[in-house]
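So the protein lines, in turn, are chains A and B.
For the first sequence, the residue numbers in this note's numbering are 1 to 309.
For the second sequence, the residue numbers in this note's numbering are 310 to 602.
Where a beta carbon is used, it is the ideal one built from N, C-alpha and C, also for glycine.
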Amino acid sequence: MNPLLMINAFTAHLGRISVIARHAFTQLVRMKVFYFLAFFAIILIGSNFFNLPQHEGPEAAGVNILRSIKSWSLGAMTLFSVVLSIVATALLLPKDVEDRTLYTILAKPVPRIDYLAGKLLGVLLLIFVSLLVMDLLMTGILQVRTNMVLSKQMAMAEARGWSVSDIAGLKADILAQGPTFSLQGAVLAVFLRATVIASMSLLISTFSSSTLFTTIVSFLIYFCGHFQADARAIYLSSEVGTDVGWVSQAIALLVSLILPDFQLFNVIDSVIEGQLMPLVIFGKLILVGLFYFSFYLIASWFVFAKKEF
Amino acid sequence: MTDSSPAVEIRHLVKDFKTSFKRQPLRAVDDVSIRIMPGEVYGLIGPNGSGKSTTMKALLGLVAPTSGECAIFGKDSLKVDSRDEVGFLPENPYFYKHLSGEETLNFYGKLCGIRGTKLRDRVNELLKLVDLEDASHRRIGGYSKGMLQRIGLAQALIQEPRLVILDEPTAGVDPVGSREIRDLIFKLKEQGITVFLCSHLLEQVQEVCDTVGIIFRGRMIKEGNLDDLIAIEDQTELVVKDASPELVAEIAALIGRDGAAELVRTGKPRTTLERLFLRETRDQKNSESNILK
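Below, the structure is given as structure tokens:
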């Protein structure tokens, strides 16, 4: 094929995908999904007032508040992104079929893969924008709170006559609980997890006939995904001659092949505790996200390409 | 591809749908062949469940034929590029309720690769054509049935297709809206656009179509030029204005004297209920607007 024609065809694909993605984004925005952001703001403000019992010494005073802000914020982000990635993806396809808007779209020169990719990217765009806004809110409040804790603790340390190195150590400990690059990495991990879940829901919605079925099955698979590592371990151990039955072996193989290991994303918890996210883990999460996005999208295309309306 | 290739070519189309286990598949379309030449207006008529919509869907690649082939301007219907020059209005369409009429046309235009000034001009032109300029910024969710059909027709025409497929274009629309859609089909015909429509409203099909196919239980039972199909070959119609009873009696006597010819019926021709309705509502509208002036 002529390279120029190939470039034109590729540009046309991107153009159509972008139109469908922007439309899906607008559709979800006009469903007033962003109201969740107000809910998030309330959670964020509320997390400032959670005074957990303090067991550590006075040098740790205020740090719990920083952890609480991060924990509640990332928890709310996870909840929002997981629910939205499943429900929005499960909703968009059956709704188009039911309303027959899909007929008018597929009756245009729109390849089915463009339609699927556009819908998925529209959902992901919405999640990305929402997480970005939530991240900005969280980082802003965390920065203000960190400065408050820092000035209080520095005054306390100086009053108690701590050495310069001890003060520097205390400062580093407090800053590690504030807004860090690892925290931004954790937010990105939340987004990548949502990407995997949305892609998986897309695949389910291509062969399911209702939004409810897609939603329930997607949540179940998300839940099962947390045991993917265990399933993989069962399958691998069965190969070296244990007494695992062939049914268990087959199920374990299926689960470990099809489902992503959602435990990988538990790295978010250690970031809440103030630990650094290693760059290797970060890179691994990106690769896992991209792999499952592509895998589920292509699988969805195989199912959807044969589907009759 | 030259213009001499048929706009629509359906050859021996068969479509079976799977039902539950162990039961025979349901044959929705059974060996249907249709050929529509460019510029023609073709009407496919038949009762509910006779296979009209399935035939159209097969032509658009929305369902895959069990056997047989469908092509649009020589391109296989299962290929995406066959849809380059087709506009489709499905039966009872629902467009995205959150979009306005203008946004809807912009969306479909962009899907067809139209951008910028060209798209803007085309959208304005179509809004004018379907008489929705005043409602262009209103959300589709607030449109009436007739307005939905008209915006549906506009989206079908967005990329200036050479073939327009209309599935029950006037279903559920009031007589005025129905007449407007019929007038639009006439405009398309004047522009040389091929129209393939299916409808229950036989009178409308009769008004606009050149060729008609009658489909029943999935099989094409009659097809041909409309005038040829509906003409009663052994009868001649003579409509006379301001004829006195004496003249009518004289004509009747003349026919009686012929021996071979037979007078079947005399009387006043009747208008249709649709024409009566349209005339009365138009007169009412005019008198109301005169009072307001």
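Proximity below 7 Å, CB of residue i to CB of residue j
i                      : j                      : result
residue 107 of chain A : residue 369 of chain B : yes
residue 110 of chain A : residue 420 of chain B : yes
residue 404 of chain B : residue 101 of chain A : yes
residue 77 of chain A  : residue 148 of chain A : no
residue 186 of chain A : residue 271 of chain A : yes
residue 260 of chain A : residue 292 of chain A : yes
residue 218 of chain A : residue 201 of chain A : yes
residue 504 of chain B : residue 482 of chain B : no
residue 541 of chain B : residue 530 of chain B : no
residue 118 of chain A : residue 9 of chain A   : no
residue 91 of chain A  : residue 211 of chain A : yes
residue 492 of chain B : residue 400 of chain B : no
residue 177 of chain A : residue 274 of chain A : yes
residue 215 of chain A : residue 87 of chain A  : yes
residue 380 of chain B : residue 347 of chain B : no
residue 323 of chain B : residue 376 of chain B : yes
residue 137 of chain A : residue 44 of chain A  : yes
residue 445 of chain B : residue 418 of chain B : no
residue 320 of chain B : residue 378 of chain B : yes
residue 318 of chain B : residue 336 of chain B : no
residue 341 of chain B : residue 518 of chain B : no
residue 47 of chain A  : residue 81 of chain A  : no
residue 116 of chain A : residue 304 of chain A : yes
residue 528 of chain B : residue 325 of chain B : no
Boundaries (first-last residue) of the alpha helix (DSSP H) holding residue i
i                      : result
residue 125 of chain A : 112-159
residue 48 of chain A  : Segment: none, residue 48 of chain A is in no alpha helix (DSSP H) and carries neither H nor E.
residue 207 of chain A : 181-207
residue 82 of chain A  : 63-98
residue 433 of chain B : 425-438
residue 170 of chain A : 164-176
residue 567 of chain B : 554-567
residue 102 of chain A : 101-106
Under 9 Å from the C-beta of residue i: neighbouring residues of chain B
i                      : result
residue 12 of chain A  : 422
residue 110 of chain A : 389, 392, 420 and 421
Under 8 Å from the C-beta of residue i: neighbouring residues of chain B
i                      : result
residue 101 of chain A : 402, 403, 404 and 405
residue 27 of chain A  : 405 and 407
Proximal chain A residues relative to residue i, where beta-carbon distance stays under 7 Å
i                      : result
residue 373 of chain B : 308
residue 505 of chain B : Within 7 Å Cβ-Cβ: nothing; residue 505 of chain B doesn't reach chain A, min ~12 Å.
residue 395 of chain B : 107
residue 399 of chain B : 100, 103 and 104
residue 369 of chain B : 107
Reduced DSSP secondary structure (H/G/I, E/B, other) of residue i
i                      : result
residue 510 of chain B : coil
residue 337 of chain B : strand
residue 328 of chain B : coil
residue 316 of chain B : coil
residue 342 of chain B : strand
residue 227 of chain A : coil
residue 15 of chain A  : helix
residue 310 of chain B : Per-residue confidence for residue 310 of chain B stands at a pLDDT of 45, beneath the threshold of 50, marking its modelled position as unreliable; no derived number is given.
residue 448 of chain B : strand
residue 396 of chain B : strand
residue 503 of chain B : strand
residue 385 of chain B : strand
residue 322 of chain B : strand
residue 21 of chain A  : helix
residue 357 of chain B : coil
residue 576 of chain B : coil
residue 31 of chain A  : coil
residue 245 of chain A : coil
Closer than 8 Å at the beta carbon, the chain A residues around residue i
i                      : result
residue 416 of chain B : 19 and 23
residue 577 of chain B : The contacting residues do not exist; residue 577 of chain B stays about 45 Å from chain A at best.
Limits of the unbroken beta strand (DSSP E) element including residue i
i                      : result
residue 524 of chain B : 520-525
residue 528 of chain B : 528-534
residue 405 of chain B : Counting along the chain, residue 405 of chain B falls outside any beta strand (DSSP E), and DSSP gives it neither H nor E.
residue 354 of chain B : 350-354
residue 378 of chain B : 376-381
Chain B residues whose Cβ lies nearer than 7 Å to that of residue i
i                     : result
residue 65 of chain A : Correct list: empty, because the minimum Cβ distance to chain B is about 41 Å.
residue 15 of chain A : 422
Contact set between residue i and chain A, taken where Cβ atoms lie within less than 9 Å
i                      : result
residue 466 of chain B : Within chain A, no residue comes near residue 466 of chain B; the closest Cβ sits about 12 Å away, beyond 9 Å.
residue 334 of chain B : In chain order: nothing, as chain A lies at least about 13 Å away.
residue 472 of chain B : Simply none; closest approach about 11 Å.
task = Could you name each continuous alpha helix (DSSP H) segment of 4 residues or more that falls completely within the stretch 256-295 of chain A, going from the start of the chain to the end?
result = With a minimum length of 4 residues, the unbroken runs of alpha helix (DSSP H) contained wholly in the stretch 256-295 of chain A fall at 267-272.
Contained alpha helix (DSSP H) runs [length at least 4] in the stretch 440-501 of chain B, N- to C-terminal order = Here the runs fully enclosed are 454-465 and 484-499.
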